[in-house]
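Below you'll find the structure, written out as structure tokens, and then a few comments.
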Amino acid sequence: MKPPCDEGMIRSKSDVVPCRKESGPWVLAAAILGSSMAFIDSTVVNVALPALQSGFHASIVDVQWVVESYGLFLSALILTGGALGDFFGRRLVFLTGVLTFAAGRSIQGVGAALLVPGSLAIISASFDEESRGRAIGTWSGFTAITSAIGPLVGGWLIEHASWKWVFFINLPIAAAVITITLWHVPESRSAVARRIDWIGALIASAGLGGVVYGLIESQTHGWRNAMVLGSLLGGLLCLIGFVQLENRVSSPMVPLTLFRSKAFSGAN
């Protein structure tokens, strides 16, 4: 008797359009640099918070939202970002994420929600099964390194230049990513994405956003605060509704059958 069909493997194989061998390193470089923008920025700004508070005469709660707004938008929209890439094209959505990320702090969370899943989707679609694991491992290693060096880079920029350069650091990286992507990264789409599950995207964003907002505000107002409890409860209800919806629609944003894949479930 044959083992059960692994739907996660079937879906991933149907989307693979291997890039030219000579373009492989460039595709990986674009994915790593693009994701590094998001991972560096998640830590580099923390070092600049005291300088921001002094420069703008703001409260600690005000400057803390410079960091938290990024995480809020990223958490709320990351599922939607992956679905948009499957439908409109992974390279297009990835580039949109890079440009959005370079535009401003609050919407950097939106950009990160597009470029982080987009970078992994590009790698999965551009490398064959034999070399995909090595490429994803390389991506994971470099993104972990960039997360770790974020505070070091932020401290050096504040000491030798200005806190403003913490935000400008994304511009040269974005320029490099856009150039490499346009020249070397092939476009790809999901073979099974017939349409976008907009209702599911809205419910998932509301659910994830509500939970993250409640967790953020609990640090200031405590767990018994009505707004905190309302956000957490509303977010959880939306996520429960999202799971129920995805089990019924014909083109779900997150096919629950993917969790039959041991590799997919283990990685997520």
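Counting from 1, position 36 in the sequence shown corresponds to residue 947 in the working numbering; the numbering is continuous, with no gaps.
C-beta: ideal position from N, C-alpha, C; glycine also.
From a predicted model like this one, the values you see are computed outputs, not experimental measurements.
Simplified DSSP assignment, three categories, for residue i
i	result
proline 1097	coil
serine 986	helix
tryptophan 1074	coil
threonine 1131	helix
phenylalanine 1038	coil
alanine 969	coil
glycine 1015	coil
valine 958	helix
aspartate 1108	coil
methionine 1164	coil
isoleucine 1033	helix
glycine 1061	helix
arginine 1159	coil
glycine 1152	helix
glycine 1000	coil
asparagine 1136	coil
Cβ-Cβ distance between residue i and residue j below 8 Å
i	j	result
alanine 1156	isoleucine 1110	The sequence as given places leucine at residue 1156; alanine does not occur at that position. Cβ atoms of leucine 1156 and isoleucine 1110: closer than 8 Å.
glycine 1125	cysteine 1149	no
alanine 962	isoleucine 1069	yes
serine 1042	serine 946	no
serine 953	serine 1058	yes
alanine 1115	leucine 990	yes
isoleucine 1084	methionine 948	yes
alanine 942	isoleucine 1034	yes
threonine 1011	valine 1021	yes
valine 1077	leucine 983	no
alanine 1087	leucine 939	no
leucine 1025	phenylalanine 1005	yes
leucine 1119	alanine 987	yes
glutamine 964	valine 974	yes
threonine 1092	phenylalanine 950	no
alanine 1023	leucine 985	yes
Cβ-based burial, residue i [other Cβ within 10 Å; buried from 16]
i	result
valine 1139	buried
glycine 1044	exposed
glycine 1141	exposed
arginine 1159	exposed
leucine 1143	buried
aspartate 997	buried
threonine 1250	An answer regarding residue 1250 cannot be provided, because it is not within the stretch 912 to 1179 covered by the chain.
glycine 1133	exposed
Residue i beta carbon near the ligand ADP (any heavy atom closer than 7 Å)
i	result
glycine 1029	This structure does not include the ligand ADP; it has no bound ligands of any sort.
Exercise. Count the C-beta pairs between the segment 1050 to 1065 and the segment 1004 to 1020 that are closer than 8 Å, then say yes if the count reaches three, no if not.
Key: no
Quiz item: How do the segment 948 to 958 and the segment 1053 to 1066 stand: do at least 3 beta-carbon pairs fall below 8 Å, yes or no?
Solution: yes
Quiz item: Does the segment 962 to 978 touch the segment 990 to 1008, meaning 3 or more C-beta pairs lie closer than 8 Å?
Solution: no
Self-check item: the segment 1082 to 1098 in contact with the segment 1135 to 1155 per 3-pair CB rule at 8 Å
Solution: no
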